[in-house]
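Novice:
Residue numbers (mature numbering (1 follows the signal peptide of the UniProt record, and there is no 0)): -19 to -1, 1 to 191.
1) Counting only the same chain and skipping the five closest in sequence on each side, list residues whose C-beta sits under 6 Å from that of residue 71.
2) Would you identify the three-state DSSP class for residue 3, choosing helix, strand or coil?
3) Who pairs with residue 30 in a beta bridge, going by DSSP?
4) Three Cβ pairs or more, each shorter than 8 Å: is that satisfied between the stretch 144 to 158 and the stretch 99 to 108?
5) Taking the C-alpha atoms as reference points, what is the distance between residue 83 and residue 93?
6) With residue 41 and residue 126 assumed to form a contact (beta carbons below 8 Å), what rounded beta-carbon distance in angstroms separates them?
7) Just the C-alpha distance for residue 122 and residue 27, rounded to the nearest angstrom, thanks.
8) Helix, strand or coil: how does DSSP classify residue 49 here?
9) Reducing DSSP to helix, strand and coil, say where residue 161 ends up.
10) Would residue 81 be called buried (16 or more neighbouring beta carbons within 10 Å of its own) or exposed?
11) Could you round the C-beta distance between residue 90 and residue 137 to whole angstroms and report it? I think they count as a contact, below 8 Å.
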């Protein structure tokens, strides 16, 4: 009888683990699939520079955003990402499912001496711009982003904070060499790929024209 009991318990544990793994796998597959066909935020390439970067203009549009506070050095962004993912999955006043778009943009600012606030945003597709459903989660909000002109170039791989810091320094030097002024402390970190894309990744640092 004791053996049968242990077998039954083991069966329940295995079934529970399998169900949990299945749920996690479904979430991963869902996130990966929404990136396979995506709408990119509209923009115009104003000019391309010989140094290897370009100037773009992004028109005023609505984005859905959330703020995430974390200790300095903590680069985990899964919490804000899934808050925004829930919004486009139906956590909005219209219970509307909204297609994923790119890029995902993040902007960071210090809070005190030990924390950083990261504002992460998804572009809201053109078909929903005229009537954007309100978020149902308190920490998610709609941003009316004004028209901006940015300078950027593509970087691959999985850049961390140190990589972006080096890219910021390099790109700022390239832009300043052209006699162009950019905002000193304002920049976006952007990503265009599913977490499941391991090759040919597209990331960008955006410097904002002053």
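Backbone N, C-alpha and C define an ideal beta-carbon position, used for all residues, glycine too.
Specialist: So, from the data block:
1) The residue given as residue 71 occupies position 90 in the chain shown. The residues are 78.
2) The sequence position of residue 3 within the chain shown is 22, counting from 1. Only weak support exists for where residue 3 lies, its pLDDT of 48 falling under 50; the value from the coordinates is given anyway. The three-state reading of DSSP puts residue 3 in helix, counting H, G and I together.
3) Working through the chain shown from its first residue, we reach residue 30 at position 49. According to DSSP, which records beta bridges pairwise, residue 30 is partnered with nothing at all.
4) With the rule of 3 Cβ pairs closer than 8 Å, the stretch 144 to 158 does not count as touching the stretch 99 to 108.
5) Position 102 of the chain shown, counted from the first residue, corresponds to residue 83. Position 112 of the chain shown, counted from the first residue, corresponds to residue 93. Each residue's alpha carbon lies about 31 Å from the other.
6) Position 60 of the chain shown, counted from the start, is the residue given in the question as residue 41. Position 145 of the chain shown, counted from the start, is the residue given in the question as residue 126. Their Cβ separation, rounded to whole angstroms, is 7 Å, which keeps residue 41 and residue 126 in contact under 8 Å.
7) Counting from one through the chain shown, the residue named residue 122 turns up at place 141. Counting from one through the chain shown, the residue named residue 27 turns up at place 46. A direct Cα-to-Cα measurement between residue 122 and residue 27 gives close to 30 Å.
8) For the purposes of this step, residue 49 is taken as the residue at position 68 of the chain shown. It is a strand residue.
9) The sequence position of residue 161 within the chain shown is 180, counting from 1. In the displayed model, residue 161 falls within coil according to three-state DSSP, outside both helix and strand.
10) Here residue 81 is taken as the residue at index 100 of the chain shown, counted from 1. Taking a 10 Å sphere around the C-beta of residue 81, we find 16 or more other C-beta atoms and assign the residue as buried.
11) One-based indexing of the chain shown puts residue 90 at position 109. One-based indexing of the chain shown puts residue 137 at position 156. Their Cβ separation, rounded to whole angstroms, is 26 Å, which puts residue 90 and residue 137 out of contact at 8 Å.
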